[in-house]
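Participant:
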Amino acid sequence: MSNVVLEKVSRNFGKFSAVSGVDLRVNEGEFVTLLGPSGCGKTTTLRMVAGLEQNTGGRISIGDRVVSDAERGLFVPAERRALGMVFQSYAIWPHMTVFDNVAYPLRVRRTPRPDIRARVLEALRLVEMGDYADRPAPALSGGQQQRVAIARALVFEPALLLLDEPLSNLDARLRAQMGAEFRALQKRLQITSLYVTHDQEEAMALSDRIVVMQAGRVLQIGTPEEIYQRPLSQAVATFFGSPNLLPATVVACARLGESQFELSVRGSGWAGVCRAREAAVKDATVLVMVRPENIRLVDRASRDTGGSIILSGRVIDSSFHGARRSVTIDVGGSLMKADLPAMAPLSELVTLNIDERTAWALAS
Amino acid sequence: MERSWQEKAECANPARSFASAKPTGAEKFCARPSLIELAENLYPQQVNMAISADERVKDPGRVPFAAGLRARLRVLEGTAASRTAGVALLVVILAFLSIYPLSMLLYGSLHSTPPGMAGVFNLDGYQAVLTRQNLVMLLNTVGISLAKTIPSLVIAVLLAWILARTDTPFRGALEVLVTLPFFIPPILTAMAWGMLGNPQVGLLNQLYQWATGSSNSPINVYSYGGVIWHMMQYSIPFMFLLIVDAFRAMDPSLEEAARMCGASRWRTFRTVTLLLILPALSSAAILSFIRGIENFESPLFFGSPAGIRVITTDIYDSINQRSPPQYQYATAVSFVIMALLLLIVLLQWKLLRGRNFTTVSGKGYSPTVMKLGKWRWATFAFCVLFFAVTVVLPVGQLLIGSFFKFFGFYQWDMLTLEHYRAVFGSSEFWRGFGNTMLLGLAGASLTMVLGGVVAYISVRTKWRGRMLIDVMAWLPWMMPGIVLGVGFLWGFALLPHAIPIYGTIWALLLAYISLGTPLSVQVMSSAYSQLSYDIEECSRVHGASWLQTMRHIMIALAWPSFAVGWVLVFFGIMRELSASVLLYSVGSEVLSVVLLKLWTNGNAEQVSVIGLMMIVLVVLFRWVQLKVIKARISTL
Amino acid sequence: MTSGNDQAERRWITRRAALLGLAAGSVVFSAPEAARAEDEWGKLVAAARNEGHVVLYSAFVGLAAHQNLKKDLEAAYGITVDILEARASEVRERIRIEQAAGRFAVDVSENGRTTTTLQIEQDHVFDPHGMLPSAGRLKAEFRADDIRVPVFAIVYGILANTRLVKPDDEPKSWLDLADPRWKGKILSDDFRALGGGGVLFYVLEDHYGRDVLEKLAKQDLKFSREIPANERRIARGEYPLYVPVSLTSVPELKGLPVKFLAPREGLPFIGYDLALLKNAPNPNAARLLMEYCIGQKMQQAYANLGLLPVTADPLSGVDPAVAELGKSKLLGTTDPARMDQLLALARQIYP
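Chains as they are written, first to last, in the numbering used here: chain A, 716 to 1079; chain B, 69 to 704; chain C, 7 to 357.
Below is the structure:
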């Protein structure tokens, strides 16, 4: 297994910059996801690592080999990088059988015939497609094709596995199932993987780390928890779910630890304490992010005041989502959303209790 | 289900959306996960991108959502009753266009005299065919056709790959230029090559002698080599035109996957690209091979002086050089040939129809272009060389020659514009040109539409009788043009007088449609076999009727092939002579007949002028066609 | 299409014309008969004007004189002439199938003698034309019969490149072609095909027998059917000699280093005939057209093109070179009855 290092990698088409200044280090055995909306440059970045596109700036190394250096004009083409790749459309060749599809990379490497057979069958067993070896490829369903694509990508034991939105063509049920299976496989084989998707839940469920991208730039790199709970910017915060953003002014700032600060803030009609990554000066304006599931609603009448931020409001709408209930609350003119357990009691006039550990300040 | 309806409404009114849909519309629709979920709720099996032909499109008439009168009307359009009526109509049309003239010819082959004359039924015609001499001639013909088809295919594939998948400079211009040779009337290129390659005073030989100082004339165009070389001028651009879009429309991830597996570009090309393009390749090769067998001008011009005999010149002679004309023999030979060619075509169908190679999905990729680095100048040079040899050399001769009183005589005192004046001042020319343009535009459009429908039924449905329709559409291609023209003459003349076809311009139009349909069916079949079914299903799921789907999705996505086929058919009509000379009437003279008149009257120079004008027309058409395709492809 | 009255009238006119023909052909030509003949002809012209239209199918593709014909008949009689041109067998087949299908669209056929004869014998598509006033002026070789009227003839000679063939070496006789010095140097229209080549073969065989042709076979003749290209090939010097070349090429090739040679035995020729179609929609205009074609003006037009006129009228204004050559002896023409046989022989000698 190898690591991947991207240093200031960029890709320009004339004046248009599809990817600019990406710095990333994927460690051995790590599962890193490039996440972002369409057009953010995540697929382009992946393809640059694959060698299907050439970066116009920066350097890419795989293992201890530099595979692409824009300044020095060095570029190793895709077929010589020995990477496994799973495409969004699976790219299973319709004119071959399943066996031939998976055996292709071994045949290219002139592996001896008996070895090919053994390794192909093993790869197919790995993805639970062992019985389908002699089927013609077009006869497979989407999920089956995807497994074959994975088998083909793994059969020659590549240094790195690249996956370009491999689950997006499957239905929801299958997506979750395949995702979990793949994650298990990856952990077992300890294979370094670079994964691209636009689905944030998928990214959070599968990855060791996530790279959030937008308009060709990296917004934040971190573990799913970090990114979800401690986003660096409003853009990253709003990418996951629909958090509430409360404008507030900083009153005081205290350091709690390495990259952890406690801010006392005041908003319109409320005051409280929240956390932040950086120190803030007095009177600085911030946005306090509070995720809907972290709001505790109690009836106004009960004087439960546990919580470091307390707001009062009136419930104006609620919708049922099976396990949870989504509630819209009018707080002094602005709307906030809260997620409650479905069976929780709900009154019209409520108090919102927010724990300071779940309130996170973002620069506004 | 409630959410699904909302989503569907969200996706805008289907009728409206498809009225304005460009291919991007379809692609955008289909790439959304919600649609897949939607579709998955409709069909019990999992929605997949698989391309198994067996489960697909069993009943395109079934429209799942039927809300409101509009939807109910659409359901009616798609019912089994209307479908059967449509197919029946198609069968009637095809039968009239192909079976009727062929049945006339069959009668001719079994009857001692042509229709309308007293005679007896016998098998004399067929007996006369089965002689050893004829067998030798048949082998000769087949040999020549093979010898020209195989190298042409190789060169055509190379050119298609260079111009569709690499970053060779000036690809757009080259694509137009490389296909020009096909559109030049054969008699003109024959004349030009005769001037270049004759052993006595041919320019090429003189060049060789000047360069090497020897007195040998290595190039003799009046030989097997000359015949094959001349035929290749036409088959290379012909096959190129049929193949290039298959290359262009391929899903690039199929090749990228191979490269990621470590395959070199050459290996990728060999094991993945070529095999995926195989249906287009084989159909192009078969079409070209059949044309080679039926080719008439090349063996006549370059083969007769060398004593080379082929079947078509024999047929021509038996009709025009015997008294009484040997129609029975000619038609019998034609049917024997047709039977053989039908066998070959059926063989190809059996081998390749079972395997669908979908390479165009709804994913909306444009094919990646391979960077060749320094080598792109080598490929550029190759294309330029090809163009120079096949176009510049002969057309240059024509161009220069057209300004001189006599073709090939370059003397100062012979410079003149009289030929141009004569041609463009001739009302007969303009009449013929106008008629041909009219017939070409109408004929090509109708032919492509008919071909599109037949191809669709044949390739994308499992309807009973689709094989019959396909064969009927193909038959005219396999009959030599000379004989087929006679079949039309007999067929149309013997119709009841109440049907106003014979003696009118309709006779020509119908004949052209019949002659062009095999090509249009083939072109559209290749295009359709490359489209994945999900695109079509997406449209149906949104409630579009079969006809709307056809128009907005199938033809729109197969548009490049449609355009190529249209151009090929149009210029085929422009050049068609055998049927035209028998069916034209006063007032419906066509350009090819005008050309014939000029040629037989010794006006080689005026024929050159017209030929040059046709080339200009071709360049114009092809430029427009490619610009339109570029616009479409970039939005795919 | 036409009313019963018209049809009856036409039949009446035709029958009258036939009777007229018999009368005119009789040896004793009495004056009152002559006057009556003129009168009848005047009636025919009036009826033709009435018809106003005539359709001609011609096997001489691209004949420039057709334009003259159209212009003249339009100007002089107000009759529009529609001419459809195709090659000999194509015209023949169109006429045959149209007649068989009951489609009567054409009035006059213009085709080579061979084809016309075969049409008369096998297809039975013509009607007697009734004697035409100018029929008496036809040359001896070109007598009309009651069905066909000769209109012009194509004469053939040898085309020589003046740079490659010095005056002394020019073949003066057809037999000179067998001279070994011309081996491999003669380009020829295909002997095995109907057309100039077939005519030459027939005529040579007829006059000199088979051996001459077998000797010619040893001369390694190169056959090619693309006549315009062939003529230019001679001019370019690819070959020194080309046979047979039609006299019509002479005006066209003016300026090129080529020369038309008329061997002393004479020139083979092939005549073209006009014939009246059965059930012609415009029979009077048709006959008027036929008469006009053997009139002086049209014959002059033919002569100008290098065709041999069929009437004995004196002609003026013809290119002197062409006129001179046109006066050459005639060697002979083909007999349709034997044509097939001879073509088979040609295929035998020149495989």
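Even glycine gets a Cβ: it sits at the ideal position worked out from N, Cα and C.
#1: May I ask you to verify whether the stretch 332-340 of chain B touches the stretch 216-226 of chain B, counting CB pairs closer than 8 angstroms and requiring at least 3?
#2: Taking beta-carbon pairs under 8 angstroms, can you tell me which members of the stretch 886-911 of chain A lie near chain B?
#3: What are the complete alpha helix (DSSP H) segments, minimum 4 residues, inside the stretch 152-220 of chain B?
#4: Can you tell me the Cβ-Cβ gap for B/Ile-379 and B/Val-401, rounded? I've got them flagged as a contact below 8 angstroms.
#5: Under the DSSP definition of a beta bridge, which residues are partnered with B/Met-438?
#6: Less than 8 angstroms between the C-beta atoms of A/Val-720 and A/Val-764, yes or no?
#7: Mapping DSSP to helix, strand and coil, what is C/Leu-267?
#8: At what residues does the beta strand (DSSP E) containing A/Glu-977 begin and finish?
#9: When we look at the beta-carbon of A/Met-1058 and count the other beta-carbons within 10 Å, is it buried (16 or more) or exposed?
#10: Counting only Cβ-Cβ distances shorter than 8 angstroms, please list the residues of the stretch 316-328 of chain B near chain A, keeping chain order.
#11: By how many angstroms is the C-alpha of A/Ala-1074 removed from the C-alpha of A/Val-1001?
#12: Starting from the C-beta of C/Leu-90, find all residues in its chain whose C-beta is less than 6 angstroms away, skip the five residues before and the five after it, and write them out in chain order.
#13: Which residues in chain B have a C-beta closer than 7 angstroms to the C-beta of C/Lys-228? List them in chain order.
#14: Using a 10 Å radius around the Cβ and a threshold of 16 neighbouring Cβ atoms, would you call A/Ala-1038 buried or exposed?
#15: So, at 7 angstroms on beta carbons, what are the nonlocal neighbours of B/Val-340 in its own chain, with the 5 sequence-adjacent residues on each side left out?
#16: Tell me which same chain residues have a C-beta within less than 6 angstroms of the C-beta of B/Leu-174, skipping the five on either side of it?
#17: Would you mind working out which of B/Arg-233, B/Leu-178, B/Gly-469 and B/Tyr-652 sits nearest B/Ile-319, comparing C-alpha positions?
#18: Taking CB distances under 8 angstroms as the criterion, tell me whether C/Pro-234 reaches chain B.
#19: Of the residues C/Phe-229, C/Trp-188, C/Glu-237 and C/Leu-219, which one's Cα is nearest the Cα of C/Ala-199?
#20: What does the Cβ neighbour count give for A/Ile-1069, buried or exposed, with the cut at 16 atoms within 10 Å?
#21: Quick one: does B/Thr-341 have its CB under 8 angstroms from some CB of chain A?
#22: Could you confirm whether any beta carbon from chain B is found closer than 8 angstroms to the beta carbon of A/Val-823?
#23: Is there a Cβ from chain A that is less than 8 angstroms from the Cβ of B/Arg-690?
#24: In chain order, what residues of the same chain have a beta carbon less than 7 angstroms from the beta carbon of B/Ser-350, not counting five sequence neighbours either side?
#25: Does the Cβ of B/Thr-152 have 16 or more other Cβ atoms within 10 Å, making it buried, or fewer, making it exposed?
#26: Quick one: grab the DSSP three-state call for B/Lys-695.
#27: Rounded to a whole number of angstroms, what is the C-alpha to C-alpha distance between A/Val-863 and A/Pro-946?
#28: Which residues in the same chain as C/Phe-207 place their Cβ atom closer than 7 angstroms to its Cβ, once the five residues preceding and following it in sequence are excluded?
#29: Mind pulling the chain B residues with CB within less than 7 angstroms of C/Gln-128?
#30: Going along chain B in order, which residues have a C-beta closer than 9 angstroms to the C-beta of C/Gly-312?
#31: What in chain A is Cβ-close to B/Ala-331, meaning under 7 angstroms?
#32: What is the DSSP secondary structure of C/Lys-49, reduced to helix, strand or coil?
#33: Checking contacts by CB at 8 angstroms: is C/Ala-71 closer than that to chain B?
#34: What do you reckon, are the CB atoms on C/Ala-141 and C/Ala-307 nearer than 8 angstroms?
#35: Quick one: measure Cβ to Cβ for A/Thr-912 and A/Glu-880, integer angstroms, because I've assumed they're closer than 8 angstroms.
#36: Can you look up C/His-4 in the DSSP assignment and give me helix, strand or coil?
Facilitator: The answer reads as follows:
#1: no
#2: Asp-886, Ala-887 and Leu-889
#3: 168-178 and 192-197
#4: 7 angstroms
#5: B/Thr-234
#6: no
#7: strand
#8: 975-982
#9: exposed
#10: Asp-319, Ser-321, Leu-322, Glu-324, Ala-325, Ala-326, Arg-327 and Met-328
#11: 12 angstroms
#12: Tyr-63
#13: Pro-373
#14: exposed
#15: Leu-322, Glu-323 and Ala-326
#16: none
#17: Checking the displayed sequence, the identity of residue 319 of chain B turns out to be Asp instead of Ile. Per the Cα distances, B/Arg-233.
#18: yes
#19: C/Phe-229
#20: buried
#21: no
#22: yes
#23: no
#24: Gln-416 and Leu-420
#25: exposed
#26: helix
#27: 37 angstroms
#28: Phe-197, Leu-219, Leu-348 and Ala-352
#29: Pro-392
#30: Near C/Gly-312 there are no residues of chain B at all, since even the closest Cβ is about 11 angstroms away, more than 9 angstroms.
#31: Glu-794 and Val-823
#32: helix
#33: no
#34: no
#35: 5 angstroms
#36: What the structure shows of chain C is the stretch from 7 to 357, and residue 4 of chain C is not part of that stretch, so it cannot be assessed.
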